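In what follows, a structure is listed as structure tokens, so that the remarks can point back to it.
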Amino acid sequence: MIRRGSPRQTLCWILAAWLLLILPAAAAPFLGLPAAVARADSDSVSLLNFLPDFGNGIIPGETYRVQSEVGYSLGSKASAYLVLYLFEDEDERPAVRSRPALQIAEGTGRATLELSYTVPRDGVSSLQLIVVMLQDANTILAWRASRMITLAPPSGYGLFQEGLDAYKAKDYQRAIAWFSDAIREGPKVPQYYQWRADALARLRDYKEALADLTQALELMPDDPSILANLGIVNLWLSDWNSAVDDLTVIIEQLDAPDDLKARAYRGRGIAYASLGDASAAIYDFRAYMTYYPEQASDVAEWIANLGG
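In the working numbering, the protein residues as written are 364 to 671.
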């Protein structure tokens, strides 16, 4: 039995059951068996770092894109799989895991694993990450757990909540003031900048919104929601090439939510049309329609206006 950071916490047999969604179809015959540990001195994994580290606090209800750089050494097999799990408190079932499993070849190297985690509104006080090297769906070759991550609201969270209340009431000036106060208290919390940027954009202050989104992206790199908003703001600023760059990152991210990918295709299509690249715009508009087929008539009109 594999134990987590605390002696009371285990991975045990549930790992195998969760692999149905993350291992290739070839692994399916193993899923009925309990997980076993087959450690060899030549096999090891390590959590080199992970982002965000949650040291600046965590906001309930927000979704975080967790990236972990993993080091590995595989000597006992020709290939194996790496999976990253996230556990809440002392739960023995993981709350979420990276997918699909990342196949690695014999040797040493580094890899980046990602997962998306939405923080519950209440009831969770700590998190732990565990990276597992698997031979197949029933055999664990190596594993490593992170420290326990204590969750707490970030500095300025109360001010941020006041800003959200004003934002919901469509009092954007007051929301901006509250978000600014929150930023002074918690200057490293990306969500504060992101929400202030949204309020600024609603008042058509796109340059200031762009500055806030740029700062948010520095604090939370490659976050799809920040990139989506950056792309939209760049559209409003008629910076078509920057919009294409921002939105392309979202489209190429496998784990980006469908609604953001749809927005990215539509926004990038507008940027391409503005750049005079009708064929690229038509491609993106058609891709957008696959997410929202009920808007087919609108999309057909956009395409017709481009000569398609």
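Virtual Cβ for every residue (Gly too), placed ideally from N, Cα, C. On a predicted model such as this, the values are computed, not experimentally measured, just so you know.
Backbone CA spacing between residue i and residue j [nearest angstrom]
i, j, result
"Val675", "Ser660", "The structure shown does not extend to residue 675, since the chain is modelled only from 364 through 671, so no value can be given for it."
"Thr653", "Ala464", "27 Å"
"Leu411", "Ala650", "38 Å"
"Ile595", "Ala505", "44 Å"
"Glu432", "Asp621", "25 Å"
"Ala390", "Phe542", "At Ala390 the pLDDT is 37, less than 50, meaning the model places this residue with poor confidence and gives no usable figure here."
"Ala636", "Ile614", "17 Å"
"Gln658", "Tyr480", "30 Å"
"Gln466", "Tyr427", "24 Å"
"Ala667", "Tyr646", "13 Å"
"Ala634", "Ala591", "13 Å"
"Ala644", "Leu600", "19 Å"
"Asp416", "Gly438", "31 Å"
"Ala663", "Arg631", "17 Å"
One or two residues paired with residue i in a DSSP bridge
i, result
"Asn604", "DSSP, once it has assigned bridges, lists no residue as partnering Asn604."
"Val494", "Leu447 and Arg507"
"Ala672", "Because the chain is modelled from 364 through 671, residue 672 falls outside the range shown and cannot be assessed."
"Ser409", "Gly434"
"Tyr427", "Tyr480"
"Val459", "Leu449"
Secondary structure of residue i, DSSP reduced to three states
i, result
"Leu563", "helix"
"Glu664", "helix"
"Leu414", "strand"
"Ile422", "coil"
"Glu477", "strand"
"Tyr655", "coil"
"Asp499", "strand"
"Arg362", "The chain is shown from 364 up to 671; residue 362 falls before or after that span and cannot be answered."
"Ser488", "coil"
Beta-carbon proximity of residue i to residue j, cut-off 8 Å
i, j, result
"Gly420", "Tyr520", "yes"
"Val494", "Leu447", "yes"
"Ser405", "Ser442", "no"
**Q.** Inter-stretch contact (C-beta, 8 Å, three-pair minimum) for the region 528–540 and the region 448–464
**A.** no
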